[in-house]
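S.K.: Just so you know, we're using the numbering used here here: the sequence shown kicks off at 138 and counts up by one.
Even glycine gets a Cβ: it sits at the ideal position worked out from N, Cα and C.
None of the values given here were measured: they were computed from a predicted structure.
Before we start, here is the structure in question, set down as structure tokens.
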Amino acid sequence: TEFDTLGGESAFGKAINDHSQIVGESKNKEGERRAFLYENGKTIDLNYLIAPGQWTLIAAADINNKGQITGYGTNAKGDIHAFLLTPVTK
């Protein structure tokens, strides 16, 4: 599957689920690494799906069929931590 970067020079997928959702890591136009989700023909920076300012999601490592995404990022202090994102149903 081909997908767009987040404005940077490279992106690579790390996992795909049965719904053809792909997660991975991409560089943005500033050259910073960012975790992404590709679905329905669109590449989405996962940082836009969380509250701003506390975390920077660097790379997504896996996605299950419920849409839960794991990966790692940094907190406001710059410490590296794992994350688990769970979709909110409306």
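Which ranges would you report for the beta strand (DSSP E) in the region 158 to 225 if only whole runs of at least 3 residues count?
M.R.: List check, beta strand (DSSP E) in window: 159 to 165, 170 to 176, 179 to 182, 192 to 200, 206 to 212 and 217 to 222.
S.K.: Below 6 angstroms CB to CB, which residues in the same chain sit around Asn-202 once its five sequence neighbours on both sides are set aside?
M.R.: Excluding positions up to five away in sequence, the list reads Asn-154 and Asp-155.
S.K.: May I have the straight-line CA-CA distance separating Ala-219 from Val-225, to the nearest angstrom?
M.R.: Those two C-alpha atoms are separated by around 19 angstroms.
S.K.: Is it buried or exposed for Leu-174, if we count other Cβ within 10 angstroms and need 16 for buried?
M.R.: Result: buried.
S.K.: I'd like the list of long-range same chain contacts for Thr-223, defined as Cβ closer than 6 angstroms, with 5 residues on each side in sequence excluded.
M.R.: Answer for Thr-223: Gln-205, listed in chain order.
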